[in-house]
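Trainee: Residue numbers (this note's numbering), protein chains in the order written: chain A, -2 to 441; chain B, -2 to 441.
By construction, the Cβ of each residue, glycine as well, lies at the ideal position given by its N, Cα and C atoms.
Quantities reported herein were computed from a predicted structural model and do not represent experimental measurements.
Number of protein chains: 2
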Amino acid sequence: MKKATVVGAGLVGSLWAVYLSKRGYKVDVFEARPDMRKASLSAGRSINLALSDRGWKALEKVGLKEQIHEVAIPMHRRVMHAVDGSLTYQPYGKEGQAIYSVSRGGLNQVLMNLAEKEGNVNIHFEQKCQSVDLEKGSATFVNRDTKEKITSAEGLLFGTDGAFSAVRKTMQRTDRFTYSQEYIEHGYKELSILPNPDGSHKIEKNALHIWPRGEFMLIALPNMDGSFTCTLFHPYGGEVGFDALDTDEKVVSFFKNTFPDAYELMPNLLEDWHENPTSSLVIIRCFPWTKNGKVALLGDASHAIVPFYGQGMNAGFEDCTVFDEILDETNEDWPEAMKRYEISRKPNGDAIADLAMRNFVEMRDLTGDAEFLLRKKIERKFSTLHPEKWLPLYSMVTFSHIPYAEAKKEGERQDAIMAKIMSIPNIEERWEDDEIMEKMLELS
Amino acid sequence: MKKATVVGAGLVGSLWAVYLSKRGYKVDVFEARPDMRKASLSAGRSINLALSDRGWKALEKVGLKEQIHEVAIPMHRRVMHAVDGSLTYQPYGKEGQAIYSVSRGGLNQVLMNLAEKEGNVNIHFEQKCQSVDLEKGSATFVNRDTKEKITSAEGLLFGTDGAFSAVRKTMQRTDRFTYSQEYIEHGYKELSILPNPDGSHKIEKNALHIWPRGEFMLIALPNMDGSFTCTLFHPYGGEVGFDALDTDEKVVSFFKNTFPDAYELMPNLLEDWHENPTSSLVIIRCFPWTKNGKVALLGDASHAIVPFYGQGMNAGFEDCTVFDEILDETNEDWPEAMKRYEISRKPNGDAIADLAMRNFVEMRDLTGDAEFLLRKKIERKFSTLHPEKWLPLYSMVTFSHIPYAEAKKEGERQDAIMAKIMSIPNIEERWEDDEIMEKMLELS
């Protein structure tokens, strides 16, 4: 039987193992951490995930869509919370479209179960990758407990071991390997809004809540148990940055003043604040993504991005779909398929990295801005009238399979058009006039 | 006696050891390679260096200028070699200004001798840096021969260990360390033009020779022994790239057609071609450059750049001058000095990285371009008439101590002005008219 090794049993690694298994491979997955299905979850570093069309497609292709649907909560719109407590709404897409809140840990457990159910997938836990042989396409792992070493079968090795990938680190030492790790000014801390005593959600369940405040923002995504996982994205430095919020009083005062309605819902604020770490956010880019026709990186290992477009997991899952398609096209000629995979995916990894950073500005700043919301309304109206002419950037990224790089380019074209429309005098009063739609049609 | 450790006895490490010694430190320098003064030099990876004002200032400050002058050859101008063998000339600066050709190995040996002469500097060879303790400001080294381990004194540790710095690699693993390594499309190979039988130079001695050919270029810098060190900068890929030049016939044919006059001077071409490796070119950026007020990076370890502005060594030497000035200003308050050093130097490291890449385009392409040469003539004329208004970018970088970032900004201002001047109809006929100088005065 054909053999393959996957390093890392995270979301992408577990899913890719299923893909390989469906192709007839006996797959060994090596994971450095203990089995999260047995150990208690280390919370506080999750950032709840938003599963959208690209992710669903990858799951559907290997028959996992139904099972995941059971643990996913649809979010149809953004709910923006102003300082005075007033709410504004912004649908994510058309009627019936939604992004889905899933818990990283929960989803990962389901994917591991489904991978193991395949029969040909074995997940080995507490196996830390110690060295990688790029020539042979194998790796050596050390058992964290017994210190015993195992070397994987030679041939095909996949690094799905995340932003700090051990497989990539070995590739980094080869000549002409381009690499960058860029930490942004902001870090994050996980907080929570607990359920009502009856288990219901304290705020609108089927929505992603945002408290946009310019330099920082709080978001909340619903969980199945009635709670919300909240994430504060916040600069390290500055007057009220993480470093400056060094007493309980300062934390409470900051929340009371900045997120008053959220503060009321978070009696557990200080407990969460102390329990959960402040974590950094990194953007990782590299090239090549494959080596010797035997080793390939997928997911965060090749393109770690900031979480602001909800696309990190979706992009990683799309790596699987695309790679799988290329394997069909090439009759599983791995060296050829790996070349095509990295050449086709790299521009898309770069594009979603840029888009995610740009969406941060939108989320923390513009979602509280009247002109921005008006722009979105005009776009939506035009898109409804002329769907063949205009798919908003957010929809291209979230509800389509248009390659990210193309979506980004189309978004830039739309920006230029909308800049002209928004500069029309009194646009805020005239936006519903027919001539505005005509002007857009002319410009498109 | 105060103690300090320097990792790497290259150009910057040897010089920085002298600076520390002058400040009253007992300095241990650990170098991974054998003592090049005893072993035979491994040639072929040198790229002869061009020492210019920033470098000279750093040497002068610790009294090393005279000794280095003895092994440096002034180059007053660029000599451009066209395919038909015709020559064009471009002075580097004003009358009397020059950049100086020095051999990397020769200069390094002189600097090591001078450092050891200080009395307080000990250079330990074949000591590979195995681990770095960023908290304590010390490092552990393994002797390549005996495998014996030494740990340096705690307190102050300086990483001058080049583009692949072991000290930086440890810093890279700390949270929020931004880092990038970017390989350019081009690599390089060292070649040579040997002296005449009487020991004289075969082509103009006091010049930097360039064979600009668009996608590739050959340069030659004079040596004391009558030879020239030549470097071919050349893409890896493409029809005549390094990878395609895979037989002697192809190499010879490429040189005959592309650099006919140089080919005549290089009967040893194929010998050099096979003996010398094809080496890659990398740009490295990172931040921070210091850690815990105890560890600091200088030179290529913090900002490796491409060699096209002749500023790699000069920038590293300027790190020493600037750091030393800051130590005076802060009364040797190291934590404070390290903060100021990295904040003041980082933008300049980034600027010279950008400028060096830009100069590649200029050297390989524009130096063979009539409009570009005209632009330079006009600039030079204006600069002579109004030296207070206009110092050409090349002169700011090479013959001044204006911070690189400021020079870059001023260069951009000049570009905008020259774009207007060059778009004047018939500028090639009218450039010596008074009105052109008046127009420039008006725009400046």
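#1: What residues in its chain sit with their C-beta under 6 Å from that of A:G103, if we drop five residues either side in the sequence?
#2: Which class does A:G235 belong to by DSSP, given the choice of helix, strand or coil?
#3: Between B:P88, B:L56, B:E429, B:R34, which lies nearest to B:K19 when the distance is taken from Cα to Cα?
#4: Could I get the ranges of all uninterrupted beta strand (DSSP E) runs contained in the stretch 362 to 401 of chain A, with 3 residues as the minimum, in chain order?
#5: Using a Cβ-Cβ cutoff of less than 7 Å, which residues in the same chain neighbour A:N193 once the five nearest sequence positions on both sides are dropped?
#6: Tell me the DSSP secondary structure of B:H73 in three-state form.
#7: If you measure from the beta carbon of B:Y306 to each beta carbon in chain A, is any gap under 9 Å?
#8: Looking only at C-alpha atoms, which of A:L8, A:Y22, A:E407 sits nearest to A:V394?
#9: Kindly list, in the order they appear in chain B, the residues whose Cβ is closer than 9 Å to that of A:T175.
#10: For B:S49 and B:N311, what's the separation of their Cα atoms in angstroms?
#11: Cutting at 6 Å between CB atoms, please list the residues of its own chain near A:E179, excluding the five before and the five after it.
#12: Could you give the DSSP three-state label for A:M(-2): helix, strand or coil?
#13: Specify, as a first and last residue, the run of the alpha helix (DSSP H) that B:I433 falls within.
#14: Determine the burial state of B:D158: buried for a count of at least 16 other Cβ atoms within 10 Å of its Cβ, exposed for fewer.
#15: Take B:Q64 and list the residues in its own chain whose beta-carbon comes closer than 7 Å to its own, dropping the five residues that flank it on each side.
#16: Out of A:R427, A:N423, A:M415, A:C317, point me to the one whose CA is closest to A:E439's CA.
#17: Taking 9 Å as the CB-CB limit, is B:G41 close to chain A?
#18: Counting C-beta neighbours from all protein chains within 10 Å, is the total for B:A298 16 or more, i.e. buried, or is it exposed?
#19: Can you check which of these residues, B:E322, B:C227, B:K253, is closest to B:Y338 by C-alpha distance?
#20: Check the Cβ of A:D172 against every Cβ in chain B and list those closer than 7 Å, keeping chain order.
#21: Determine the burial state of B:T244: buried for a count of at least 16 other Cβ atoms within 10 Å of its Cβ, exposed for fewer.
#22: Whole angstroms is fine: what's the gap from A:Y391's alpha carbon to A:Q87's?
#23: Go to A:F27, then tell me how far its beta strand (DSSP E) extends in each direction, as first and last residue.
#24: Can you tell me which of the three DSSP states A:G41 falls into?
#25: Please report how far the alpha carbon of B:M109 lies from the alpha carbon of A:L131, in whole angstroms.
#26: Candidates B:N119, B:F369, B:K54: which alpha carbon is nearest B:K23's?
#27: For the putative contact between B:S250 and B:G184, defined by C-beta atoms under 8 Å, what is the C-beta separation to the nearest angstrom?
#28: Would you call the stretch 141 to 156 of chain A and the stretch 255 to 265 of chain A in contact, with 3 or more CB pairs under 8 Å?
#29: Is B:P219 helix, strand or coil when you go by DSSP?
#30: Cβ of B:Y89 within 9 Å of Cβ of B:M77?
#31: I'd like to know whether the C-beta of A:Q169 is nearer than 9 Å to at least one C-beta of chain B.
#32: Indicate whether A:K0 and A:A163 have their beta-carbon atoms separated by less than 9 Å.
#33: Taking the alpha carbon of A:H231 as the point to measure from, which residue in A:P219, A:K247, A:I216, A:E212 has its own alpha carbon closest?
#34: Closer than 9 Å, CB to CB, is B:Y233 near chain A or not?
#35: Tell me which same chain residues have a C-beta within less than 6 Å of the C-beta of B:K202, skipping the five on either side of it?
#36: When the Cα of B:A228 is compared with those of B:P304, B:P257, B:L153, which residue comes out closest?
Mentor: From the atom records:
#1: V68
#2: coil
#3: B:L56
#4: none
#5: K199, G223
#6: coil
#7: no
#8: A:E407
#9: S177, Q178, E179, Y180, V279
#10: 7 Å
#11: I280
#12: coil
#13: 431 to 440
#14: buried
#15: V107, L111
#16: A:M415
#17: Only weak support exists for where B:G41 lies, its pLDDT of 49 falling under 50; the value from the coordinates is given anyway. Chain A, which has no Cβ nearer than 9 Å to the Cβ of B:G41, makes this no.
#18: buried
#19: B:E322
#20: S277
#21: exposed
#22: 12 Å
#23: 22 to 27
#24: Residue placement at A:G41 cannot be trusted, given a pLDDT of 48 that sits under 50; the coordinates are not used to answer.
#25: 39 Å
#26: B:N119
#27: Not confirmed; about 20 Å, so no contact.
#28: no
#29: strand
#30: no
#31: yes
#32: no
#33: A:E212
#34: yes
#35: P219
#36: Looking at the sequence itself, residue 228 of chain B is Thr, so the reference to Ala does not match. Comparing Cα-Cα distances from B:T228 to each of B:P304, B:P257, B:L153, the minimum goes to B:P304.
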